[in-house]
Amino acid sequence: MYLQTLADIFLKDSRYMYILGGLKFSIGVTLFATVIGVVWGTMLAVMRLSHFYPFKSMGGKIAKLNPLEGFSLAYVDIVRGTPAVVQLMILANIIFVGSLRHTPILVVAGIAFGLNSGAYVAEIIRAGIEGLPKGQMEAARALGMSYPTAMKEIIIPQGIKKILPALVSEFISLLKETSIVGFIGGVDLLRSANIITSQTYRGVEPLLAVGVIYLILTSLFTKFMRKVEGGLKVSD
Amino acid sequence: MIKIEGLHKSFGKLEVLKGIDKQISQGEVVAVIGPSGSGKSTFLRCINKLEEPTKGSVLIEGQDIMGRNVNINNLRERVGMVFQHFNLFPHKSVLENLTLAPMKVKSGKKDEVKEKALKLLERVGLSDKATAYPNQLSGGQKQRIAIARALAMDPHIILFDEPTSALDPEMVREVLDVMRDLASEGMTMVIVTHEMGFAKNVANRVMFMDQGMVVEDGEPAKVFENPTSERTKEFLDKVLNH
Numbered sequence: 001m002y003l004q005t006l007a008d009i010f011l012k013d014s015r016y017m018y019i020l021g022g023l024k025f026s027i028g029v030t031l032f033a034t035v036i037g038v039v040w041g042t043m044l045a046v047m048r049l050s051h052f053y054p055f056k057s058m059g060g061k062i063a064k065l066n067p068l069e070g071f072s073l074a075y076v077d078i079v080r081g082t083p084a085v086v087q088l089m090i091l092a093n094i095i096f097v098g099s100l101r102h103t104p105i106l107v108v109a110g111i112a113f114g115l116n117s118g119a120y121v122a123e124i125i126r127a128g129i130e131g132l133p134k135g136q137m138e139a140a141r142a143l144g145m146s147y148p149t150a151m152k153e154i155i156i157p158q159g160i161k162k163i164l165p166a167l168v169s170e171f172i173s174l175l176k177e178t179s180i181v182g183f184i185g186g187v188d189l190l191r192s193a194n195i196i197t198s199q200t201y202r203g204v205e206p207l208l209a210v211g212v213i214y215l216i217l218t219s220l221f222t223k224f225m226r227k228v229e230g231g232l233k234v235s236d
Numbered sequence: 001m002i003k004i005e006g007l008h009k010s011f012g013k014l015e016v017l018k019g020i021d022k023q024i025s026q027g028e029v030v031a032v033i034g035p036s037g038s039g040k041s042t043f044l045r046c047i048n049k050l051e052e053p054t055k056g057s058v059l060i061e062g063q064d065i066m067g068r069n070v071n072i073n074n075l076r077e078r079v080g081m082v083f084q085h086f087n088l089f090p091h092k093s094v095l096e097n098l099t100l101a102p103m104k105v106k107s108g109k110k111d112e113v114k115e116k117a118l119k120l121l122e123r124v125g126l127s128d129k130a131t132a133y134p135n136q137l138s139g140g141q142k143q144r145i146a147i148a149r150a151l152a153m154d155p156h157i158i159l160f161d162e163p164t165s166a167l168d169p170e171m172v173r174e175v176l177d178v179m180r181d182l183a184s185e186g187m188t189m190v191i192v193t194h195e196m197g198f199a200k201n202v203a204n205r206v207m208f209m210d211q212g213m214v215v216e217d218g219e220p221a222k223v224f225e226n227p228t229s230e231r232t233k234e235f236l237d238k239v240l241n242h
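From first to last, the protein sequence lines stand for chains A and B. Under my numbering, read the first sequence as residues 1 to 236, first letter to last. Under my numbering, read the second sequence as residues 1 to 242, first letter to last.
The structure is reproduced here in structure tokens:
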């Protein structure tokens, strides 16, 4: 009986516990990375959009240099231009060594994916804000609002609505991308499938099970976010 | 009330304003007319520093908008602006559009600000739209709300940047009526417009701009009946006799 085989694969010796543990780890890393990614991405976007010209008085080419914008641009280019797995391994094997080597893998992975995701989030936010009609900022400023007030009351609330679908995509990519933490020894969903395979010599079923779990997670999340989007559409 | 001296504005190599010296006193209703690209809108936008002048000074009630110690936000509280494309905040209800700035900028009390906003809505004839969102309004209604929003800050001066240019013809009237009321109540207004009838009948001063300069400046009757410059004659001939 195939059901018996399945039971042997997943239930015997409580092997499903690997998958539950992996699930917890994957979700943990994703949430951790999302928080870092959104905060860091917002900061990068603000830097990119800033009008900070500290060398204005010096004249010439350097007067037009905005170091914050330059940093943000370079950061986004580098992070988007290299594979996440390379960034992850650099962080784990070059940065988190010495006195930092006892940092939990969940934290190292969360930081790595958060720094990676921040670059994509920054571009999403920037596009959302730049896509708003210029008149919105002008109207707010003409009413006497300061730049931060105008951002907070007028620009960001409208921007968020616009970028939500793109942010949802980014979150889903992030969830799936965390499956590479096996490279630095993290036991996530995918790694848990590998462990079960090595114990049972069954390669297909654990992988399928993990694939289905990813799909369920992303579907639930998508469904939830569609509801949120629907709620935000009232004023459109 | 507004004193403009040697105002220049360039966008890169393009010189849009080539030295404007003007004074506008309290209660004046100034219509700024002229062909497209003559710098009318840029001139208007320099008055509240939405465009930063390249050279010269703009004094609002004695304060230079370019001054280092001048808080531009405080200054803008006193200078309202109405835009061609209304620029209402689409994520806020009509009432919130009116109350947002008085509450956030002037830290007004919620009840008082709201009461005042409702009065302003009544004044522009849109009391029934308080809970509506901007996308549910017609163009004329949007512009009347935009005027009410500017008024909610108790400005001393209101700048109008082609307030009726984006409207369907049958909606122009309702907006002009509101502006006419404002003018008769003594509000200081600077209006960039293509409505020659309005400039003639409501404004008490008309400026004609061409190529970054104010070419003609005077009472409407004088500017429209006896323009001194060739360029003004030519322009008026084109827009009035067709």
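Backbone N, C-alpha and C define an ideal beta-carbon position, used for all residues, glycine too.
* For Val121(A) versus Leu164(A), is the C-beta spacing smaller than 8 Å? -> no
* Give a yes or no on whether 8 Å exceeds the smallest Cβ distance from Lys104(B) to chain A. => Cβ-Cβ to chain A under 8 Å: yes for Lys104(B).
* Tell me where the beta strand (DSSP E) around Ser57(B) begins and ends. => 55-60
* **Below-8 Å beta-carbon distance, Leu50(B) vs any chain A residue** => yes
* Taking all protein chains shown into account, do 16 or more other C-beta atoms lie within 10 angstroms of the C-beta of Lys55(B), making it buried, or fewer, making it exposed? -> exposed
* **Cβ distance (whole Å) where Leu75(B) is taken to contact Gln63(B) below 8 Å** => 6 Å
* **C-beta neighbour in chain B for Ser146(A), strict 8 Å** => yes
* Under a CB-based cut-off of 8 Å, is Met179(B) close to chain A? -> no
* Specify the secondary structure class of Ile65(B) as computed by DSSP and reduced to three states. => coil
* Segment limits, beta strand (DSSP E) that includes Gln23(B) -> Start and end: 14-24.
* Asked: Taking only runs of the alpha helix (DSSP H) that begin and end inside the region 62-130 of chain A, which ones reach a length of at least 4 residues, in chain order?
  -> 67-81, 84-90, 105-130
* Where does the unbroken beta strand (DSSP E) through Ala148(B) begin, and where does it stop? -> Ala148(B) -> not in any beta strand (DSSP E); alpha helix (DSSP H) instead, spanning 139-151.
* Asked: Helix, strand or coil: which one does DSSP assign to Asp8(A)?
  -> helix
* **Strand pairing of Glu216(B), partner residues [DSSP]** => Phe208(B)
* Asked: Of all the CB atoms in chain B, is at least one closer than 8 Å to the CB of Arg141(A)?
  -> yes
* Spatial neighbours of Ser179(A) within its chain, please: CB distance less than 7 Å, with the 5 preceding and 5 following residues excluded, ordered by chain position. => Asp188, Leu189, Leu190, listed in sequence order.
* In this structure, what does DSSP give as the bridge partners for Ala31(B)? -> Ile191(B), Val206(B)
* Does the beta carbon of Met81(B) sit closer than 8 Å to a beta carbon anywhere in chain A? -> yes
* To do: Starting from Lys9(B), trace the beta strand (DSSP E) both ways and give me its first and last residue.
  => 2-11
* Going along chain B in order, which residues have a C-beta closer than 8 Å to the C-beta of Thr149(A)? -> Lys104, Val105
* To do: Can you give me the Cβ contacts of Val172(B) inside the same chain, cut-off strictly under 8 Å, excluding the 5 residues immediately before and after it?
  => Residues Gly140, Thr164, Glu195 of the same chain have their beta carbon placed closer than 8 Å to that of Val172(B), with the five preceding and five following residues left out of the count.
* Under a CB-based cut-off of 8 Å, is Pro157(A) close to chain B? -> yes
* Amino acids of chain A, ordered along the chain, whose beta-carbon sits closer than 9 Å to that of His8(B) -> Correct list: empty, because the minimum Cβ distance to chain A is about 19 Å.
* To do: Determine which residues share a DSSP beta bridge with Leu176(B) and list them.
  => Answer is none; Leu176(B) lacks a bridge partner.
* Asked: Since Ile154(A) meets chain B, which of its residues come closer than 9 Å, beta carbon to beta carbon?
  -> Chain B residues near Ile154(A): Phe89, His91, Lys92, Leu100.
* Three-state secondary structure (DSSP) at Met196(B)? -> helix
* Contact set between Gln237(A) and chain B, taken where Cβ atoms lie within less than 8 Å -> Outside the shown range of chain A, which is 1 to 236, sits residue 237(A), and nothing can be said about it.
* If you draw a straight line from the alpha carbon of Leu175(A) to that of Val97(A), how long is it in whole angstroms? -> 26 Å
* **Nearest-angstrom Cβ-Cβ length linking Leu59(B) and Lys13(B), presumed shorter than 8 Å** => The Cβ separation is near 28 Å, so there is no contact.
* Any chain A beta carbon closer than 8 Å to Glu112(B) -> In terms of beta-carbon proximity, Glu112(B) stays away from the interface with chain A, with every pair separated by 8 Å or more.
* Going by other Cβ atoms of all chains shown within 10 Å of its Cβ, with 16 needed for buried, is Gly118(A) buried or exposed? -> Gly118(A) should be labelled buried.
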